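These notes are about the structure you will find just below.
There are 6 protein chains.
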Amino acid sequence: MNPLLEKPRKIYVSRKMEFNAAHRLFNPELSDEENSRIYGKCSNEYGHGHNYELEITLYGTIDRRTGFLFDLKELKCILEDEISVRFDHRHLNYDVAELRGCIPTTEVLAVLIWDILEQRLEQFNNREISLYEVKLYETGKNAVRYLGE
Amino acid sequence: MNPLLEKPRKIYVSRKMEFNAAHRLFNPELSDEENSRIYGKCSNEYGHGHNYELEITLYGTIDRRTGFLFDLKELKCILEDEISVRFDHRHLNYDVAELRGCIPTTEVLAVLIWDILEQRLEQFNNREISLYEVKLYETGKNAVRYLGE
Amino acid sequence: MNPLLEKPRKIYVSRKMEFNAAHRLFNPELSDEENSRIYGKCSNEYGHGHNYELEITLYGTIDRRTGFLFDLKELKCILEDEISVRFDHRHLNYDVAELRGCIPTTEVLAVLIWDILEQRLEQFNNREISLYEVKLYETGKNAVRYLGE
Amino acid sequence: MNPLLEKPRKIYVSRKMEFNAAHRLFNPELSDEENSRIYGKCSNEYGHGHNYELEITLYGTIDRRTGFLFDLKELKCILEDEISVRFDHRHLNYDVAELRGCIPTTEVLAVLIWDILEQRLEQFNNREISLYEVKLYETGKNAVRYLGE
Amino acid sequence: MNPLLEKPRKIYVSRKMEFNAAHRLFNPELSDEENSRIYGKCSNEYGHGHNYELEITLYGTIDRRTGFLFDLKELKCILEDEISVRFDHRHLNYDVAELRGCIPTTEVLAVLIWDILEQRLEQFNNREISLYEVKLYETGKNAVRYLGE
Amino acid sequence: MNPLLEKPRKIYVSRKMEFNAAHRLFNPELSDEENSRIYGKCSNEYGHGHNYELEITLYGTIDRRTGFLFDLKELKCILEDEISVRFDHRHLNYDVAELRGCIPTTEVLAVLIWDILEQRLEQFNNREISLYEVKLYETGKNAVRYLGE
Numbered sequence: 146m147n148p149l150l151e152k153p154r155k156i157y158v159s160r161k162m163e164f165n166a167a168h169r170l171f172n173p174e175l176s177d178e179e180n181s182r183i184y185g186k187c188s189n190e191y192g193h194g195h196n197y198e199l200e201i202t203l204y205g206t207i208d209r210r211t212g213f214l215f216d217l218k219e220l221k222c223i224l225e226d227e228i229s230v231r232f233d234h235r236h237l238n239y240d241v242a243e244l245r246g247c248i249p250t251t252e253v254l255a256v257l258i259w260d261i262l263e264q265r266l267e268q269f270n271n272r273e274i275s276l277y278e279v280k281l282y283e284t285g286k287n288a289v290r291y292l293g294e
Numbered sequence: 146m147n148p149l150l151e152k153p154r155k156i157y158v159s160r161k162m163e164f165n166a167a168h169r170l171f172n173p174e175l176s177d178e179e180n181s182r183i184y185g186k187c188s189n190e191y192g193h194g195h196n197y198e199l200e201i202t203l204y205g206t207i208d209r210r211t212g213f214l215f216d217l218k219e220l221k222c223i224l225e226d227e228i229s230v231r232f233d234h235r236h237l238n239y240d241v242a243e244l245r246g247c248i249p250t251t252e253v254l255a256v257l258i259w260d261i262l263e264q265r266l267e268q269f270n271n272r273e274i275s276l277y278e279v280k281l282y283e284t285g286k287n288a289v290r291y292l293g294e
Numbered sequence: 146m147n148p149l150l151e152k153p154r155k156i157y158v159s160r161k162m163e164f165n166a167a168h169r170l171f172n173p174e175l176s177d178e179e180n181s182r183i184y185g186k187c188s189n190e191y192g193h194g195h196n197y198e199l200e201i202t203l204y205g206t207i208d209r210r211t212g213f214l215f216d217l218k219e220l221k222c223i224l225e226d227e228i229s230v231r232f233d234h235r236h237l238n239y240d241v242a243e244l245r246g247c248i249p250t251t252e253v254l255a256v257l258i259w260d261i262l263e264q265r266l267e268q269f270n271n272r273e274i275s276l277y278e279v280k281l282y283e284t285g286k287n288a289v290r291y292l293g294e
Numbered sequence: 146m147n148p149l150l151e152k153p154r155k156i157y158v159s160r161k162m163e164f165n166a167a168h169r170l171f172n173p174e175l176s177d178e179e180n181s182r183i184y185g186k187c188s189n190e191y192g193h194g195h196n197y198e199l200e201i202t203l204y205g206t207i208d209r210r211t212g213f214l215f216d217l218k219e220l221k222c223i224l225e226d227e228i229s230v231r232f233d234h235r236h237l238n239y240d241v242a243e244l245r246g247c248i249p250t251t252e253v254l255a256v257l258i259w260d261i262l263e264q265r266l267e268q269f270n271n272r273e274i275s276l277y278e279v280k281l282y283e284t285g286k287n288a289v290r291y292l293g294e
Numbered sequence: 146m147n148p149l150l151e152k153p154r155k156i157y158v159s160r161k162m163e164f165n166a167a168h169r170l171f172n173p174e175l176s177d178e179e180n181s182r183i184y185g186k187c188s189n190e191y192g193h194g195h196n197y198e199l200e201i202t203l204y205g206t207i208d209r210r211t212g213f214l215f216d217l218k219e220l221k222c223i224l225e226d227e228i229s230v231r232f233d234h235r236h237l238n239y240d241v242a243e244l245r246g247c248i249p250t251t252e253v254l255a256v257l258i259w260d261i262l263e264q265r266l267e268q269f270n271n272r273e274i275s276l277y278e279v280k281l282y283e284t285g286k287n288a289v290r291y292l293g294e
Numbered sequence: 146m147n148p149l150l151e152k153p154r155k156i157y158v159s160r161k162m163e164f165n166a167a168h169r170l171f172n173p174e175l176s177d178e179e180n181s182r183i184y185g186k187c188s189n190e191y192g193h194g195h196n197y198e199l200e201i202t203l204y205g206t207i208d209r210r211t212g213f214l215f216d217l218k219e220l221k222c223i224l225e226d227e228i229s230v231r232f233d234h235r236h237l238n239y240d241v242a243e244l245r246g247c248i249p250t251t252e253v254l255a256v257l258i259w260d261i262l263e264q265r266l267e268q269f270n271n272r273e274i275s276l277y278e279v280k281l282y283e284t285g286k287n288a289v290r291y292l293g294e
């Protein structure tokens, strides 16, 4: 099967998901004035929230037998398990153990998601599949990309 | 000017804006079990949040002199004043006086926005301009429409 | 709770979902020439397919106790049960019993979805909740709306 | 064919298209100060432009033989003919005869499109198909709807 | 003309298009159980379908005379010719000669589109224009990118 | 604060904005026939216009103290100052000094925006923040990316 795959082909596969969370940007080591200057209304006491859109990209060689890079049903389970359970309908400042002592900016959140998924996907490295990119949209206008550097 | 407007023309004009807020769905008059059954993870203690998208629609006769129904610069100011200041980067359960004693569902929020804007726009009724619809998207998948009934 | 709901408030609540299906537009009672003239490349023998986006709108009075019109968790289950199982990853000409003898145009599909959901939601009529609209997008450019007329 | 259509079914069918045009909002009967106050930067001398998105909605009874309300291939031709040729890649103040003496606001443009399409679609009235709505988005945030009132 | 282009400038130019096709994921060399485990409901006998969105990216030096990398009117013709005619309103398992013996996953389809376009665009290599990326969205959530590796 | 940032982390941060402008593609050094062949209806005398969507991407190391790469409030001001004032509601052929003698294609416009922003952002290079990419969408279908090569 799959004569087009006789020659090995490297591909990027992306999957999007959404989670809804609250956060507050506030550094307790700084004065209220500094917090207000740096974080503006993002430092309001009770927090605010976002529909975060997360796009995960994997990279590797297409499996000639299946025509897939990775089983998306399996990826969906991993994302449910590691991302939805941890972040969806949560307040990032209070509910997420891994963010203790962190200011939950979009940048920091993307880095944490990378760390979590890279460890979980490590088992697939022997199949030459690696995590390539974590892209996180805070709003339709703001997004960050982390590539593990 | 505007021969096409010799005959009066009725039109609907819509304007979209976004605000980012946190909320928690929880009714203190009900047991924790009932709250959990009704609101599921939306009742998590510290709340979660959304990028709310709001679409306001006005209805009336096009002004023959300007070709406009309503000055969108003015509408933008009204929405900044009444909606952004009140709801943007707020926690709906704690920061909004008008929601005291309310469960801030999307339905309730749409009704409140209608009440606020209808009163503010009352002064234009003599120019035959009225608020027609408040549409509020909580996520890309869920939306409510309130028409003042 | 919910002083804003002291006065009963009528609201429209919408929920979107997607299903992916194949179909072929072909009327066996017509000649090949007529089929080709009417349906063009939509009549190709093996069919083609779409990511159908479905938006269901309910109408009724907001429940003062919950602040909801309808429990969206319950609506999600109904849509999974009645729509996803029936239409998702199916060939509409072969796999859907209710479409036997029908040409599965977007118009016909919207009517069928209305008939299915109206019957299923009948039990909620005593709570003054009714199906208001079925909107079905075949592509980003083409959509139909059926209101039960 | 089409047992679901034994009972006549009324449906709304929408089609979207885009055109790219320049315009300037300026009323020569008013002073420069008034123009500037009313139209702001929209009155800049050389004009600016938009990707207008137009959504046309037809209303009528589904044709039992075809399962269609209207042949979308035919509608596409009509829109190409009446809308693209007239407005696409044009300067609305200089290139469109029907806008002579008009201030080409989105409101006025929607009214003109209604007038053009209603006349062109008149021939289908005996098949009980009528133009229901012209919706025109000037940007992702601003839209008008004209229903022929 | 074009003083900004005195210094040669390398640019990426992207063009999006859509095609609607049916497919079935099934490997006849595997048992039904394995097919079902690997492909789930994507292996349903009669197939299902998608609105595929394709984004082609070219890379090269901006032509100082025209200000373009590549004539988009010409690219549109090439895409119509090579992509729409081959894939639009087709069943990928039956109607596309180049997919004979292949499992038409999004990954495989992206590779085939690359092979087709790279050969067709070879004639422009002397103008230092090359195909950079084929991005194919199967749904709004799933996408693959192939860069020719 | 921010234990996740003990190890320095490189990140890409993107910000989107829109501006509405008119342009005409026409090279006065070429004959009308050549202009028409190269630019088609884009060479119409009075110009046409677009809702340009601009996405700016910065690259650098997350600031451990703030959790940000860059203060988005500051970036917003820079973009207002350098982009909106220059391009929004303008005719690119007449109103933008930097485009004198240029054919304002999307490619040329992206290059100019890069040149303007790179100079403005130079002052942040010592904080290891650099402009990574200018992406400019002319329509939903056409986009260019310039990376400073």
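Chains as they are written, first to last, in the working numbering: chain R, 146 to 294; chain W, 146 to 294; chain P, 146 to 294; chain G, 146 to 294; chain H, 146 to 294; chain Z, 146 to 294. Note that beta-carbon positions come from the ideal geometry of N, C-alpha and C, so glycine has one too. Predicted, not measured: the structure shown is a model, and the values here were computed from it.
- Exclusion of the five residues before and after W:V241 leaves R231, F232 and R235 as the residues of its chain whose Cβ lies within less than 7 angstroms of its Cβ.
- The residues R169, in chain order, have a CB closer than 8 angstroms to that of Z:Y191 in the same chain once the five nearest residues on each side in sequence are set aside.
- For Z:F213, at least one C-beta of chain R is nearer than 7 angstroms to its own C-beta.
- The residue among R:S275, R:L292 and R:S229 with its C-alpha nearest the C-alpha of R:K161 is R:S229.
- Contacts with chain R at 7 angstroms (Cβ-Cβ) do not include W:K221.
- DSSP places G:Y184 inside the alpha helix (DSSP H), whose first and last residues are D177 to Y184.
- Between H:Y282 and chain P, the shortest Cβ-Cβ separation is not below 7 angstroms.
- Assignment of beta-bridge partners to P:G205 by DSSP yields P:I156.
- Here Z:Y191 carries a coil assignment [DSSP, helix/strand/coil].
- A straight line joining the alpha-carbon of R:N189 with that of Z:K218 spans about 16 angstroms.
- Across the structure, Z:F215 and W:L237 are spaced so that their CA atoms are roughly 28 angstroms apart.
- Taking a contact to require three or more Cβ pairs closer than 8 angstroms, the segment 148-159 of chain P and the segment 284-291 of chain W qualify as touching.
- Z:F171 and Z:E178 have their C-alpha atoms roughly 11 angstroms apart.
- Judged by their CB atoms, R:Y282 and R:E163 are not nearer to each other than the 7 angstroms cut-off.
- Under DSSP, the beta-bridge partners assigned to W:E198 are W:E163 and W:Y282.
- Linking H:N180 to H:C222 through their CA atoms gives a straight-line distance of about 38 angstroms.
- Rounded to the nearest whole angstrom, the CA to CA distance from W:Y277 to P:D226 is 35 angstroms.
- In this structure, the straight-line span from the alpha carbon of Z:E243 to that of Z:E174 is close to 19 angstroms.
- A residue is called buried when at least 16 other Cβ atoms come within 10 angstroms of its Cβ; H:N271 does not meet this threshold and is exposed.
- The beta-carbon of H:V241 is placed no less than 7 angstroms from the nearest beta-carbon of chain R.
- Close to chain R, meaning a Cβ-Cβ distance shorter than 7 angstroms, are the following residues of the segment 156-184 of chain H: N172, E174 and I183.
- At a C-beta separation below 8 angstroms, H:N147 has these neighbours in chain Z: G246, C247, I248 and V253.
- Within the segment 213-280 of chain Z, the alpha helix (DSSP H) runs of at least 4 residues that lie entirely inside it are, in chain order, 217-224 and 251-266.
- With a threshold of 16 other beta carbon atoms within 10 Å, P:K280 meets it and is buried.
- It is roughly 36 angstroms from the alpha-carbon of H:I183 to the alpha-carbon of H:L266.
- The C-beta of P:P249 has 16 or more other C-beta atoms within 10 Å across all chains shown, which makes the residue buried.
- Under DSSP, the beta-bridge partners assigned to Z:N287 are H:R160.
- P:Y291 has a beta carbon lying within less than 7 angstroms of a beta carbon in chain G.
- Taking each of R:R210, R:L203, R:K186 and R:C187 in turn and checking the Cα distance to R:P153, the smallest one comes out for R:R210.
- Excluding residues up to 5 positions away in sequence, W259, E263 and L276 lie with their Cβ nearer than 8 angstroms to the Cβ of G:G293 in the same chain.
- In this structure, the beta-carbon distance from P:G212 to P:N147 falls below 7 angstroms.
- Using a CB distance cut-off of 7 angstroms, W:K186 does not count as an interface residue toward chain P.
- Counting only the Cα atoms, G:L203 lies some 7 angstroms from G:I274.
- Cβ neighbours of W:I207 within its own chain (closer than 6 angstroms, five residues either side excluded): L150, R154, I156 and L214.
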